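Enquirer: Under numbering that gives the first Met the number 0, the sequence shown has 73 at position 74, and the numbering climbs by one with no breaks.
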Amino acid sequence: MPFRNLGGMFDLGWPHLGEVLAHHVQRMVSSGRRVIFFITYHYSKGDPQRGCAGFNYDTGAAIAHTYEIRRQVEHIFGAAHGTVYPLVCGFETDEDALILHGTGGQKLELAALTTSDRATLELRLAALLPDMPAQMRADLMPLLHGNLEHIEQARAQMRRNERSLDIEHREWMICLGRGFDFLHTPNLALIIGPYSPKLDEPIKTAAGIIQANMAAGRVPDDGFLLLASVPYDEIGVDRARAELKSRFLSQFAAEVIRAEFPELAGKMAMRTAVLDWRSRHLETLGGQD
């Protein structure tokens, strides 16, 4: 289950975020599973300006934040890592390469591995994460091998000039809530999780980005989409609550945008939806503005 938020900012002390996370972990543990909690940051080795704008392109600050989240996870679920393992993981976007951070400050950079190194990947992972249960490490191996293959594909694309690194921001959607796992195309949507107690701040940031994109001609200035979504597990009370929460998020965001960006608000198309977690079916609700 991904937890996404504009700027990459999280605090497990936020009431809603802590409840959602604890509920998910309890569900997994009660079904006999363990949980690997990926705490990620991203950067570009070719240009710092392709890094995380939420941390002012300061990779060191982004890494420090991931370690703070790791400490919070350990505070909640324990530092023994028997059932929940918080793994700090970097993502180098030029080659889509993973960087795993170990318990003693060491790193495993997959982009740096040679063909001969890959045969020892399992041993390297065990040395990097000696406190991770063996089954968890085994579960990680297909992901790491897949990333190694993807890195080779990315490099081949760059050699053929088929991979553009200077991707321009063209966001024209603000997505507020949860259940946006299907949005994989980069730089089209600004995703705001419903977690921060100061929810108006990321909404204002997102609206400012959309307005700047229009002013710069990166996207048409004839409109943008505000999409609110809340997931539910069961028909009945759970879905009914999801409908109310989604409508609240939609109206709250619209009010913030109208107050802070009145001209932009005139170009706003609103859609409110609920998402069935099991089928991943997204259903829009009536009464759209």
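Backbone N, C-alpha and C define an ideal beta-carbon position, used for all residues, glycine too. In this text the structure is predicted, and so the values were computed from the model without any measurement.
Residue range of the alpha helix (DSSP H) that E151 falls in?
Expert: It spans A133 to R158 - the alpha helix (DSSP H) in which E151 sits, taken as one unbroken run.
Enquirer: For the candidate residues I150, L139 and M172, whose alpha-carbon lies nearest to that of R162?
Expert: Measuring from the Cα of R162, the nearest candidate turns out to be I150.
Enquirer: Are T65 and V24 closer than 9 Å when you measure CB to CB?
Expert: Cβ distance not < 9 Å, so T65 and V24 don't count as in contact.
Enquirer: Indicate the three-state DSSP secondary structure (helix, strand or coil) for A253 in the structure shown.
Expert: DSSP places A253 in helix when its eight states are reduced to three.
Enquirer: So, is A227 buried or exposed, given that buried needs 16 or more other C-beta atoms within 10 angstroms?
Expert: Answer is buried; the Cβ neighbour count reaches 16.
Enquirer: Considering only residues of the same chain and omitting the five flanking positions on each side of H168, which have a CB-CB separation below 6 Å?
Expert: N186.
Enquirer: Are the CB atoms of Q71 and D10 within a distance shorter than 9 Å?
Expert: Yes, the Cβ-Cβ distance between D10 and Q71 is below 9 Å.
Enquirer: I'd like to know whether the C-beta atoms of L284 and R246 end up nearer to each other than 9 Å.
Expert: In this structure, R246 lies closer than 9 Å to L284 by Cβ.
Enquirer: Using 10 angstroms around the beta-carbon of K197, count the other beta-carbons present and answer buried if the total reaches 16, otherwise exposed.
Expert: Classification of K197: exposed, given that the 10 Å Cβ count is below 16.
Enquirer: Would you grab the beta carbon distance between H289 and Y194 for me? Rounded to a whole angstrom, and I think it's under 8 Å.
Expert: There is simply no residue 289 to check, as the chain begins at 0 and stops at 288 in what is shown.
Enquirer: If I'm right that T58 touches G50 with Cβ under 8 Å, what's the distance once you round it to whole angstroms?
Expert: Yes, they are in contact, since the Cβ atoms of T58 and G50 sit about 6 Å apart, within 8 Å.
Enquirer: Where does the unbroken beta strand (DSSP E) through L189 begin, and where does it stop?
Expert: Its beta strand (DSSP E) spans residues A188 to I191.
Enquirer: Is it right to say E91 is buried, meaning 16 or more other beta carbons lie within 10 angstroms of its own, or is it exposed?
Expert: The residue is buried, with at least 16 neighbouring Cβ atoms inside 10 Å.
Enquirer: How would you label G178, buried or exposed, when you count the other beta carbons within 10 angstroms and need 16 or more for buried?
Expert: With 16 or more other Cβ atoms within 10 Å, it is buried.
Enquirer: Can you name the residues that DSSP bridges to F223?
Expert: F223 pairs with M267.
Enquirer: Taking DSSP as the reference, what is the three-state secondary structure of L86?
Expert: L86: strand per DSSP, three-state reduction.
Enquirer: My understanding is that L175 touches A252, with C-beta atoms under 8 Å, so please give their C-beta distance in whole angstroms.
Expert: Indeed they touch by this definition, with Cβ atoms about 5 Å apart.
Enquirer: DSSP beta-bridge partners for S228?
Expert: Answer is G176 and A272.
Enquirer: Alpha helix (DSSP H) containing L300: first to last residue?
Expert: In the structure displayed, the chain extends from 0 to 288; residue 300 sits before or after that span and is not available.
Enquirer: Just verifying my parser: in three-state terms, what is the DSSP assignment at L198?
Expert: Coil.
Enquirer: Any idea if L122 is buried or exposed, counting beta-carbon neighbours within 10 angstroms, 16 or more meaning buried?
Expert: Classification of L122: exposed, given that the 10 Å Cβ count is below 16.
Enquirer: DSSP three-state call for F9: helix, strand or coil?
Expert: Coil, per DSSP.
Enquirer: What does the alpha-carbon distance come out to for the pair Q156 and E254?
Expert: The alpha-carbon atoms of Q156 and E254 are separated by roughly 44 Å.
Enquirer: With a Cβ-Cβ cutoff of 9 Å, do L248 and I209 count as a contact?
Expert: In this structure, I209 does not lie closer than 9 Å to L248 by Cβ.
Enquirer: Hey, how far is the Cα of T184 from the Cα of Y231?
Expert: So the two alpha carbons sit approximately 25 Å from each other.
Enquirer: Would you report the Cα separation of L281 and G103, rounded to the nearest angstrom?
Expert: Straight-line Cα distance between these residues: approximately 43 Å.
Enquirer: Considering only their Cβ atoms, is the gap separating L164 from L124 smaller than 9 Å?
Expert: The answer is no: Cβ separation not under 9 Å.
Enquirer: Suppose you measure from the CA of L128 to the CA of H22; what does that come to, to the nearest Å?
Expert: The straight-line gap from Cα to Cα measures roughly 26 Å.
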